[in-house]
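Peer 1: Below: one structure in structure tokens.
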Amino acid sequence: MGLFSFANVLLGLAALYVLKKLLSPKRMLAPLPPGPKGMPLIGNIGDLPPPGEKDWKHWAKFKKLYGPISSITIVGQTIVILNDPQMAFDLMEKRSAIYSSRPRMVFACEMVGWEHILAMQTYSDRFRAYRKAMHRVLGSKTAIARFNPLQEVEIRRFLLRVLHRPEDLVQHIRTEAGAVILKIAYGYAIEPHGRDPLVDLANDSMEKFSIAGTPGTWLVDIIPFLKQLPTWFPGMEFKKTANAWRRTLLTTIEKPYLLVREQMRRDNYSPSYLASLLEGVSDKWTPEKELVAKWTAGSL
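Quick note: the sequence shown, position 290, residue 289 per numbering that gives the first Met the number 0, numbers continuous.
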């Protein structure tokens, strides 16, 4: 079978998969929230955020058009948009047992690797281990208060940066957010002047995640079996992208983790969330505990 014949077969299988998904009987308990009218088969793909526009700005427009809760459907997958903070709190916090599950994100989670981050965890033994670890170190006012001096130091540095270059205020704010998180998570002090490699790495990973997790962007999220095809097959460029972004994410998680481990080995480290988890557990360390420590620190 020639390459193009094989491609035609694949296209036909993909079409059958989409049709099966669209025509499968669905148990609807209530009508969906209001939203724009979709097109046959593809649904509301045209209503996704256009390139270059911030997601939150795009979805905020839906509140004026459809009210505080709206919905769109992408090739049979329904997305509900909440534009009211109290409604989001009521559904996600007070009724979390019903609404806290995560959707399957093939590209972002299974291929790039964001499945290990706290926000992407389903309710499971690992999720409970994440919550337990974070609560042990950060779960009370007394526990979190010991990081106040670290935040005060970073605030002073932020004010100095603003004083020296007030025209770069937005960049200073982004740097400050990264500085505080890295200080609490790893005891890491960023470069006092100029750009910091770990801050840039974390920002790069988050920007890639915002693209990786955008609904409707990746065909593999709609047709999951595409991830099983070889990289050389036509149309599989997304697999190369996923591999590159996965390397960036793993570097973001591994680099500060290994730095803290090395500092602790030399007994020359600063107080941090990760150090608190690692202290006194070397004799009973397991790969699962290492994963929990590594990825909960990265989740901060």
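Virtual Cβ for every residue (Gly too), placed ideally from N, Cα, C.
Do V152 and S275 have their beta-carbon atoms positioned less than 7 Å apart in this structure?
Peer 2: The count along the sequence shown starts at 1 and reaches residue 275 at position 276. The count along the sequence shown starts at 1 and reaches residue 152 at position 153. Contact: no.
Peer 1: Since Y185 and L290 should fall inside the 8 Å C-beta cutoff, what is the C-beta to C-beta distance between them, to a whole number of angstroms?
Peer 2: Here residue 185 corresponds to residue number 186 of the sequence shown, with the count starting at 1. Here residue 290 corresponds to residue number 291 of the sequence shown, with the count starting at 1. The C-beta separation of Y185 from L290 comes to about 17 Å, leaving the pair out of contact by the 8 Å criterion.
Peer 1: Under a three-way DSSP split, which group does V136 fall into?
Peer 2: Looking up residue 136 in the sequence shown gives position 137. V136 falls in the helix class under three-state DSSP.
Peer 1: Beta strand (DSSP E) containing S70: first to last residue?
Peer 2: Taking the sequence shown and counting its residues from 1, one reaches residue 70 at position 71. Note, S70: beta strand (DSSP E), I68 to I73.
Peer 1: Could you give the distance in angstroms between the alpha-carbon of F61 and the alpha-carbon of R127?
Peer 2: Taking the sequence shown and counting its residues from 1, one reaches residue 61 at position 62. Taking the sequence shown and counting its residues from 1, one reaches residue 127 at position 128. Approximately 35 Å, taken between the alpha carbons.
Peer 1: In chain order, which beta strand (DSSP E) runs of at least 3 residues are fully inside the region 170-198?
Peer 2: none
Peer 1: Look up Q262 in the DSSP assignment and say whether it is helix, strand or coil.
Peer 2: As a first step, residue 262 must be located in the sequence shown, where it is residue number 263. Three-state DSSP puts Q262 in a helix.
Peer 1: Helix, strand or coil: how does DSSP classify T230 here?
Peer 2: As a position in the sequence shown, residue 230 is number 231, starting the count at 1. Coil at T230, not helix or strand.
Peer 1: For the region 214-226 and the region 184-203, state whether three or more C-beta atom pairs, one from each stretch, are separated by less than 8 Å.
Peer 2: Output reads no: the region 184-203 does not touch the region 214-226.
Peer 1: Per DSSP, Q76 is paired with what?
Peer 2: Numbered from 1 along the sequence shown, position 77 holds the residue referred to as residue 76. Looking at the DSSP assignment, Q76 forms a beta bridge with I73.
Peer 1: Just how far apart, CA to CA, sit L277 and I143?
Peer 2: To locate residue 277, count along the sequence shown from 1; it is residue 278. To locate residue 143, count along the sequence shown from 1; it is residue 144. Looking at the two C-alpha atoms, the distance is approximately 17 Å.
Peer 1: Count the other CB atoms within 10 Å of the CB of N242; is the residue buried (16 or more) or exposed (fewer)?
Peer 2: Within the sequence shown, residue 242 is the residue found at index 243, counting from 1. Burial call: exposed.
Peer 1: Compare the Cα-Cα distances from M38 to each of D46, T247 and P233 and report the closest residue.
Peer 2: On the sequence shown, position 39 is the one that residue 38 refers to. From the listed residues D46, T247 and P233, the smallest Cα separation to M38 is found for D46.
Peer 1: Could you round the C-beta distance between P48 and T213 to whole angstroms and report it? I think they count as a contact, below 8 Å.
Peer 2: As a first step, residue 48 is located in the sequence shown; it is residue number 49 there, counting from the start. As a first step, residue 213 is located in the sequence shown; it is residue number 214 there, counting from the start. Contact between P48 and T213 holds: their C-beta atoms lie close to 7 Å from each other, under 8 Å.
Peer 1: Starting from G297, trace the alpha helix (DSSP H) both ways and give me its first and last residue.
Peer 2: By 1-based counting over the sequence shown, the position of residue 297 is 298. Start and end: P286 to S298.
Peer 1: Closer than 6 Å by C-beta to E190: which residues in its own chain qualify, once you throw out the five before and the five after it? Chain order, please.
Peer 2: One-based indexing of the sequence shown puts residue 190 at position 191. Counting only Cβ-Cβ distances below 6 Å, and skipping sequence neighbours, we find nothing.
Peer 1: Whose C-beta lies closer than 6 Å to the C-beta of P102 among residues of the same chain, with five residues either side of it excluded?
Peer 2: Residue mapping note: residue 102 aligns to position 103 of the sequence shown, counting from 1. Nothing listed; no residue qualifies.
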